[in-house]
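**Q** Take a look at this one; I'll ask things after.
Number of protein chains: 2
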Amino acid sequence: MKTIPWEQSGAFIERFSIPPTGDGPLGGLRFAVKDLVDVAGYRTGCGSPAWLETHPPAVVSALCVEQLLAAGAQCEGKTITDELAFSLLGENHFYGTPLNAAAPERVPGGSSSGSASAVACGLVDFAIGTDTGGSVRVPASNCGIWGWRPTHGIVSIAGVMPLAPTFDTVGILACDADVLRRASTVLLADESRSDAMPMTIRLVSDLYDVADANVRDALRPTVERLSDVFGVAIRHTSLAELCDDPSAGAADVWVDVYRRLVGAEAASCHGAWLAATQPTLGPMTETRFKFAHALDRSRLNEVIGRRERYCRQLRRALGSRDLLCIPTAPTIAPLKGEVKLGRDNDYYGRTLAFTAIAGTGRLPQVSMPLATACGAPIGLSLLGAYGEDAFLLDVANAVGERWTAR
Amino acid sequence: MKTIPWEQSGAFIERFSIPPTGDGPLGGLRFAVKDLVDVAGYRTGCGSPAWLETHPPAVVSALCVEQLLAAGAQCEGKTITDELAFSLLGENHFYGTPLNAAAPERVPGGSSSGSASAVACGLVDFAIGTDTGGSVRVPASNCGIWGWRPTHGIVSIAGVMPLAPTFDTVGILACDADVLRRASTVLLADESRSDAMPMTIRLVSDLYDVADANVRDALRPTVERLSDVFGVAIRHTSLAELCDDPSAGAADVWVDVYRRLVGAEAASCHGAWLAATQPTLGPMTETRFKFAHALDRSRLNEVIGRRERYCRQLRRALGSRDLLCIPTAPTIAPLKGEVKLGRDNDYYGRTLAFTAIAGTGRLPQVSMPLATACGAPIGLSLLGAYGEDAFLLDVANAVGERWTAR
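Chains as they are written, first to last, in this note's numbering: chain E, 1 to 406; chain U, 1001 to 1406.
Here it is, written out as structure tokens:
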């Protein structure tokens, strides 16, 4: 991976260097921290000038930062995030658009935009991101790097700005599968190793089938090769089959549940601050919070009921060595400026249909940069059973080894 | 349960009435909300005058409040919490000590002190509590009512002040097992019913054995009766056996992991606010935060590693129909004023050894008011497998029915 000067990357909001606090498996590696995550002595800006102004500096670093420093990694600074992490695009109204080094005319994806950019520009080996609705996975896919969203609730979010607590996670973006596994393993605090042989890999056909044609064409040989690597036939499944519920077959049901529930939680997390400070927000963020505040909260039980039903069914459907396979996103990264408020919003709905599975099911997911379409990267994702992050990362690492060796 | 006038209970910090927003399984029931949880239009005070002063009013109610209102319950006000929820005692330096109706000379337990008191005084049918390190279970045990701590991460904590996110949960305190199950089921959004027959019930001997003699004596016939009710022999187990690790046999290891990790997360959640506002805190709370800030954060990996190892082992040790049984606490409620800063702090260490199992393992637990010792209540607890809250609540309900029918 060639290195692009950090000024050109536009990835960092603040550069500084914090030496490791211990020796360990990450010795010699450099990382960056999304500016949604506390670093002692710095204000966490969360991609919003108004937030930056109304919040005091952090006095301690978030647990995830301490874990990585103690394992031997060096912190190189804080990276741009989409405003209040409430976007998948990577275009911050106030702080600009970090460079997508693999496709410079396209967006890096968000909200962990700067973290993905810093890794893809070769400025750090890995970076901390957060993922509520795809904010690690989509930028990993767009920028052609590796990304891990953990099982919900395992990695501490203390010291990380909340957006929607039943979906919020802290994950890792990395330059290769080995670094991804090493850094993620430190956050997981799970060093158990498996033989990394999946029992089943099931392609979720209804998502695969609605991806762009160029994405399907690009991923078809990748999926076939995955089958060869592990010697297991890739079976096909559907969301309705996985959830044992015909209603789950409509992708827009997942998107609707995701949007309402994240909107309701985001209104709880930020409503009082918004009302008290009347901050200036970017137009897209303002629109999202308007939607969040307009939700009829007396009708949440049906939404939560459906979410938890799907979550329980997914848990039942996945044994500890079972994996699901989907394109990380239905499209390559949009061109910069292409996705605009009030039009082309279909980008969001289509993308959330892919990312909402892991979020709804609280499942771990790894996005692997195994293909390109029209010259831009597209990720293939594996999802594992609840709590089987170590196994999933082993599988991804095995994929990385075989792909590199080809 | 006889009703005590609310002025005498000292349970409420603010009384108001919010009618239900829908019909449902909680029709006709009244509930109260711990003042750590947002109710639209009110400031969430978190048991701290300084917090109350420096935070704006909530503009929306927390999701858990909306869930209960939509299911037909009526909200009767907000209840006193221990300061910033950082205590198990129920004696708030600023707002006083809610009445323990079952043992008026003793503390109600905390931090959900007012919620437990309001239920035990017959003022509401159930109440929302939160439980990081025992804050639902201990007051339930002390006050002779039913209490549920859910599987971590299932019930949304959006709109609830965080203390230590990998331990924080929203739970229910209730007047009887039926109300407990009905209210908890609404928060879980899981209406599945089981035959409520446990495969195994294992008494954790090393905890049982270190409880006070009067607690052991009081609970012995209760445990025997539990065996009869379900027709399963109560087997004995130990923490070391459950975790397949001799180190887990020392109760103080669990307490040490709990204290360090909760301290580290609490410093992340509140450190910036404490530094920026220099609030006046009660002496016990001040001491706890001093401990939290003095922690060497570069040594967290070992603590997190141990916590996650125990958590994974507990998950492996418990099948979906397996239960663990422990006294909820090692003692009946202390006398008011008995537990003081700098002496008798053994109360905390001893109690945390009992409550840390569910917290560390992210497991659900129900405390059942099945015995008294020296005239004061003591709870017997059942812990279930991860995500098996509905089953656990069914079992507790079956216990409630058999006990009542005696």
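Every residue gets a Cβ at the ideal spot worked out from N, C-alpha and C, and that includes glycine. Model, not experiment: these values are computed from the prediction.
Quick one: which residues of the segment 1284-1315 of chain U get their C-beta closer than 8 Å to a C-beta of chain E? List them in chain order.
**A** Hits within the stretch, in order: His1293, Arg1297, Ser1298, Arg1299, Leu1300, Asn1301, Ile1304, Gly1305, Arg1307, Glu1308, Arg1309, Arg1312 and Arg1315.
**Q** Flag this pair as touching only if the segment 231-247 of chain E and the segment 270-286 of chain E have three or more C-beta atom pairs under 8 Å; answer yes or no.
**A** Segments in contact, no.
**Q** Are the beta-carbon atoms of Pro377 of chain E and Asn142 of chain E separated by less than 8 Å?
**A** Position 377 of the first sequence holds residue 377 of chain E. Position 142 of the first sequence holds residue 142 of chain E. Going by C-beta atoms, Pro377 of chain E is nearer than 8 Å to Asn142 of chain E.
**Q** Where does the unbroken alpha helix (DSSP H) through Thr1169 of chain U begin, and where does it stop?
**A** What you label residue 1169 of chain U is simply residue 169 of the second sequence in a count that begins at 1. Thr1169 of chain U -> no alpha helix (DSSP H), and no H or E assigned at all.
**Q** So which residues of chain E does Ser1156 of chain U contact, with C-beta pairs closer than 7 Å?
**A** Looking up residue 1156 of chain U in the second sequence gives position 156. Neighbours of Ser1156 of chain U on chain E, chain order: Pro165, Thr166 and Glu265.
**Q** With 8 Å set as the bound, which would you pick, yes or no: does the beta-carbon of Asp1035 of chain U sit closer than that to a beta-carbon of chain E?
**A** Looking up residue 1035 of chain U in the second sequence gives position 35. No, because no Cβ of chain E sits closer than 8 Å to the Cβ of Asp1035 of chain U.
**Q** Given a cut-off of 8 Å on the beta-carbon distance, is the pair Gly1129 of chain U and Ile1172 of chain U in contact?
**A** On the second sequence, position 129 is the one that residue 1129 of chain U refers to. On the second sequence, position 172 is the one that residue 1172 of chain U refers to. Yes. Within cutoff.
**Q** One question on the structure: do Val37 of chain E and Cys75 of chain E come within less than 8 Å of each other, judged by their Cβ atoms?
**A** Along the first sequence, read from residue 1 onward, the residue named residue 37 of chain E stands at position 37. Along the first sequence, read from residue 1 onward, the residue named residue 75 of chain E stands at position 75. Not in contact: Val37 of chain E and Cys75 of chain E (Cβ atoms no closer than 8 Å).
**Q** Within 10 angstroms of the Cβ of Ser135 of chain E, are there 16 or more other Cβ atoms? Answer buried if so, exposed if not.
**A** Walking along the first sequence from the start, residue 135 of chain E turns up at place 135. Buried.
**Q** Going along the chain, which residues of the segment 1015-1027 of chain U sit with their C-beta nearer than 8 Å to a C-beta in chain E?
**A** From the segment 1015-1027 of chain U, only Thr1021, Gly1022 and Gly1024 have a Cβ closer than 8 Å to chain E.
**Q** Just reading off the beta strand (DSSP E) that Arg1030 of chain U is part of, what are its end residues?
**A** For this step, residue 1030 of chain U is matched to residue 30 along the second sequence. Where Arg1030 of chain U is concerned, the enclosing beta strand (DSSP E) stretches over Arg1030 to Lys1034.
**Q** Check whether chain U comes within 8 Å of Gly387 of chain E, counting only Cβ atoms and requiring the distance to be less than that.
**A** Stepping through the first sequence from its first residue, residue 387 of chain E is reached at position 387. Yes - at least one Cβ of chain U is within 8 Å of the one on Gly387 of chain E.
**Q** Compare the C-beta of Glu1066 of chain U with all C-beta atoms of chain E and state if any pair is closer than 8 Å.
**A** To locate residue 1066 of chain U, count along the second sequence from 1; it is residue 66. Interface residue, yes.
**Q** Residues of chain U with CB under 9 Å from Asp190 of chain E, in chain order?
**A** For the purposes of this step, residue 190 of chain E is taken as residue 190 along the first sequence, with counting starting at 1. The contacting residues are Gly1305, Glu1308, Arg1309 and Arg1312.
**Q** Is it true that the CB of Pro108 of chain E sits closer than 8 Å to the CB of Leu90 of chain E?
**A** As a first step, residue 90 of chain E must be located in the first sequence, where it is residue number 90. As a first step, residue 108 of chain E must be located in the first sequence, where it is residue number 108. One detail in the question is off: residue 90 of chain E reads as Gly in this sequence, not Leu. Result yes, Cβ atoms of Gly90 of chain E and Pro108 of chain E sit closer than 8 Å.
**Q** How big is the Cα-Cα spacing for Thr1021 of chain U and Glu1066 of chain U?
**A** Walking along the second sequence from the start, residue 1021 of chain U turns up at place 21. Walking along the second sequence from the start, residue 1066 of chain U turns up at place 66. If you take the alpha carbons of Thr1021 of chain U and Glu1066 of chain U, they lie about 8 Å apart.
**Q** If the criterion is Cβ atoms closer than 8 Å, does the pair Ala120 of chain E and Asn92 of chain E meet it?
**A** Here residue 120 of chain E is taken as the residue at index 120 of the first sequence, counted from 1. Here residue 92 of chain E is taken as the residue at index 92 of the first sequence, counted from 1. Contact flag unset, no.
**Q** Got a sec: which bits of the segment 69-83 of chain E sit with their beta carbon under 8 Å from any beta carbon on chain U, in order along the chain?
**A** Per Cβ criterion, the list reads Leu69, Ala70 and Ala71.
**Q** Go ahead and label Met284 of chain E buried or exposed: buried means 16 or more other beta carbons lie within 10 angstroms of its beta carbon, across all protein chains shown.
**A** The residue given as residue 284 of chain E occupies position 284 in the first sequence. So Met284 of chain E ends up on the buried side.
**Q** Any beta-carbon of chain E closer than 8 Å to the one on Pro1056 of chain U?
**A** Taking the first residue of the second sequence as position 1, residue 1056 of chain U is located at position 56. With 8 Å as the cut-off, Pro1056 of chain U counts as an interface residue toward chain E.
**Q** Note down, in chain order, all residues in the segment 1252-1282 of chain U with a beta-carbon under 9 Å from any beta-carbon belonging to chain E.
**A** Under the 9 Å Cβ criterion, the segment 1252-1282 of chain U contributes Leu1261, Ala1264, Glu1265, Ala1266, Ala1267, Ser1268, Cys1269, Gly1271, Ala1272, Trp1273, Leu1274, Ala1275, Ala1276 and Thr1277.
**Q** Buried or exposed for Arg1406 of chain U, please, with buried defined as at least 16 other CB atoms from any protein chain shown within 10 angstroms of its CB.
**A** For this step, residue 1406 of chain U is matched to residue 406 along the second sequence. At Arg1406 of chain U, the pLDDT of 48 sits below 50, so the modelled position is not reliable and the matter cannot be decided from this model.
**Q** Which runs of the beta strand (DSSP E) spanning at least 3 residues fall entirely within the segment 1036-1108 of chain U, listed in chain order?
**A** The segment 1036-1108 of chain U contains these whole beta strand (DSSP E) runs: 1074-1079.
**Q** Please report the distance separating the alpha-carbon of Arg1260 of chain U from that of Glu1308 of chain U.
**A** On the second sequence, residue 1260 of chain U is found 260 positions in, with the first residue counted as 1. On the second sequence, residue 1308 of chain U is found 308 positions in, with the first residue counted as 1. Each residue's Cα considered, the two are about 14 Å apart.
**Q** Within the continuous alpha helix (DSSP H) that includes Ile332 of chain E, where are the two ends?
**A** Counting from one through the first sequence, the residue named residue 332 of chain E turns up at place 332. Premise fails: Ile332 of chain E is in no alpha helix (DSSP H) and is neither H nor E.
**Q** Have a look at Pro57 of chain E and Val1160 of chain U and give me their C-alpha separation to the nearest angstrom.
**A** On the first sequence, residue 57 of chain E is found 57 positions in, with the first residue counted as 1. On the second sequence, residue 1160 of chain U is found 160 positions in, with the first residue counted as 1. Roughly 22 Å separates the two Cα atoms.
**Q** Where does the unbroken alpha helix (DSSP H) through Glu265 of chain E begin, and where does it stop?
**A** Locating residue 265 of chain E in the first sequence gives position 265, where the first residue counts as 1. Here the alpha helix (DSSP H) through Glu265 of chain E covers Ala251 to Thr277.
**Q** Who does Val366 of chain E pair with in a DSSP beta bridge?
**A** Position 366 of the first sequence holds residue 366 of chain E. E:Trp148 and E:Leu382.
**Q** Identify whether Leu1295 of chain U lies in helix, strand or coil by the three-state DSSP scheme.
**A** Locating residue 1295 of chain U in the second sequence gives position 295, where the first residue counts as 1. Leu1295 of chain U: coil per DSSP, three-state reduction.
**Q** Exposed or buried, Asp1346 of chain U, counting other C-beta atoms within 10 Å across all chains shown (16 or more means buried)?
**A** As a first step, residue 1346 of chain U must be located in the second sequence, where it is residue number 346. Exposed: under 16 other Cβ atoms inside 10 Å.
**Q** Would DSSP call Thr1280 of chain U helix, strand or coil?
**A** Counted from its first residue, the second sequence places residue 1280 of chain U at position 280. If DSSP states are grouped into helix, strand and coil, Thr1280 of chain U belongs with coil.
**Q** Where do the ends of the beta strand (DSSP E) carrying Ala127 of chain E lie?
**A** Counting from one through the first sequence, the residue named residue 127 of chain E turns up at place 127. Where Ala127 of chain E is concerned, the enclosing beta strand (DSSP E) stretches over Phe126 to Thr130.
**Q** Quick one: which chain E residues come within Cβ less than 7 Å of Asp1038 of chain U?
**A** Residue numbering aside, residue 1038 of chain U sits at position 38 when the second sequence is read from its first letter. Under the 7 Å cutoff, chain E gives Ser268.
**Q** Against chain U, with Cβ distances strictly below 8 Å, would Val232 of chain E count as a contact?
**A** Counted from its first residue, the first sequence places residue 232 of chain E at position 232. So no, Val232 of chain E is outside the interface.
**Q** Distance, Cα to Cα, Val1186 of chain U vs Glu302 of chain E?
**A** Numbered from 1 along the second sequence, position 186 holds the residue referred to as residue 1186 of chain U. Numbered from 1 along the first sequence, position 302 holds the residue referred to as residue 302 of chain E. In a straight line, the C-alpha of Val1186 of chain U is about 11 Å away from that of Glu302 of chain E.
**Q** With H, G and I counted as helix, E and B as strand and the rest as coil, what does DSSP make of Tyr1241 of chain U?
**A** Working through the second sequence from its first residue, we reach residue 1241 of chain U at position 241. Correcting the residue type first, residue 1241 of chain U is Glu in the shown sequence and not Tyr. The answer is helix: DSSP assigns Glu1241 of chain U an H, G or I state.
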